[in-house]
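Per this note's numbering: the sequence shown = residues 87 to 446.
Have a look at the structure below before the remarks.
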Amino acid sequence: MNKDKEEMLIQLTYARGIAGNEDEVRELFKNYANPYADEIVYDGLGSIIAKHEGDTTGPKIFISGHLDEVGFMVTRVTDSGFIKFQPIGGWWGQVMLAQQVEIKTGQGKIFHGVIGSKPPHILSPKSRNEPYKIEDMFIDIGASTNDEVMAWGIRPGDMITPYIEYRRMNGTKFLLAKAWDNRIGTAVSLEVLKNLAKTGHPNILFAGSDVQEEVGLRGAQTSTHLINPDLAFALDTGTAGDTPGIKPEEADSKLGKGPQIIIYDASMVPHKKLRDFVISIAEEKQIPFQYTTISGGGTDAGKMHLTKDGIPSLAITIPTRYLHSHTSMIHEDDYLNTVKLVTEVIKQLDKKTVNNLKSY
């Protein structure tokens, strides 16, 4: 991966953006997409889509990551200046304690903090063996009073995001950062747009990134309704199963072994003909891939496929370790192979092929 590609990943992961507060990420997407897009469009919630016409009479193909990351929202400030908060997206309390965060005010100021709790020294023996409740946690920003926090401009409703530095792990292809879910799917969307704008494609491509996925796949519903595509692809992260303690029946994907083709998740059963078509392209082009299921979650494809009278849809994901925490890890090759696979698939989606995929 060249430096420009990696720099885009770094900027996307550093951008702050929980559901309903995706402005920083959306602006980055627009800046990267503009040189290759014929038009930039938005839905009413803030999802962004770059349109590129390869064949103006061809089918409409929609690919989309999502802009938002899991994070938190300020709910109140204590008399002593500590921040109480609400999780935005799915969080497990075990991964939150003593982690650093950033609070962004309505005026755009950034304040650093750390998630605090009672120390184990004063917990009862019973409490030490139980998960610490999220509602009992707080954020320490070094303030001493409520008035001090108010003077800094922090208010209920302000966005809180995890803080961690991007890192290439010890010179390997393993990449550590916050918010791979789902800045990496957003990056795939941008790279595919760039590739196809240069090579041409027999369709009208809509490459986007949705808002509010982490709170219920909301932006996918409105963006897909706006585009009304013939086919849709959700580009997201998926669970890796290659760390100690995970059983194959829970998750069996491995980092470095290729993108995941979702054959079932809790939000949809993918369109069979579209699924098989993508697999055939991967096999023909010798692009490694992995089958996977998600029994306890879903992707934006769960809303895409139910839009209007039904849109044939599929989720293609990148295996990721430590999802929905401050720190997640992906493999560079999986990212590059996902870009390659999606690019090759869209090159083959002419009018005849799409009509065949949609026929029953």
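Even for Gly, the Cβ is constructed at its ideal location relative to N, Cα and C.
I need the straight-line Cα distance from residue 438 to residue 178, nearest angstrom please. 47 Å
Taking residue 96 and residue 313 to be in contact with their CB atoms under 8 Å, please state how far apart those CB atoms are, rounded to whole angstroms. With 8 Å as the limit, residue 96 and residue 313 do not qualify as a contact, their Cβ atoms being about 29 Å apart.
Same chain only: Cβ atoms within 6 Å of residue 435, ignoring 5 sequence neighbours per side: 147, 289
If you check the beta carbons only, do residue 325 and residue 389 fall under 8 Å apart? no
Of all the beta strand (DSSP E) runs that stay within the bounds of the segment 409-438, which reach a length of 3 or more residues? 414-417
Residue 294, enclosing beta strand (DSSP E) - first and last residue: 290-296
Helix, strand or coil: which one does DSSP assign to residue 370? helix
Going by CA-CA distance only, name the one from 279, 356, 102, 106 that's closest to residue 264. 102
Considering only their Cβ atoms, is the gap separating residue 319 from residue 126 smaller than 8 Å? no
Report buried or exposed for residue 300, applying the criterion of at least 16 other Cβ atoms within 10 angstroms of its Cβ. buried
Sort out for me which residues DSSP pairs residue 377 with in a bridge. 347
Could you spell out the range, first to last residue, of the beta strand (DSSP E) harbouring residue 317? 317-325
Does the beta-carbon of residue 397, which I'm using as the reference point, lie nearer than 7 Å to any heavy atom of the ligand FAD? The model depicted lacks the ligand FAD and carries no ligand whatsoever.
If we call anything under 8 Å between Cβ atoms a contact, is residue 361 one with residue 321? no
Within the continuous beta strand (DSSP E) that includes residue 278, where are the two ends? Run containing residue 278: none in the beta strand (DSSP E); it sits in the alpha helix (DSSP H), 266-285.
Three-state secondary structure (DSSP) of residue 150: strand
Taking 8 Å as the cut-off, does the segment 238-246 touch the segment 157-177 (at least 3 CB pairs, one atom from each stretch)? yes
Only counting the same chain, and skipping five residues up and downstream in sequence, which positions put a Cβ closer than 6 Å to that of residue 230? 167
Along the chain, where does the alpha helix (DSSP H) that runs through residue 170 open and close? Element bounds for residue 170: not the alpha helix (DSSP H) but the beta strand (DSSP E), 169-174.
Closest to residue 391 by CA distance: which of 430, 368, 306, 421 is it? 306
Exposed or buried, residue 333, counting other C-beta atoms within 10 Å across all chains shown (16 or more means buried)? exposed
Which one of 185, 296, 202 has the shortest CA to CA distance from residue 413? 185
Tell me, please, which residues DSSP counts as bridged to residue 399. 318
Could you pull the DSSP bridge partners for residue 405 from this structure? 324
Backbone secondary structure at residue 311 - three-state DSSP: helix
So, do the segment 148-162 and the segment 339-347 have three or more beta carbon pairs nearer to each other than 8 Å? no
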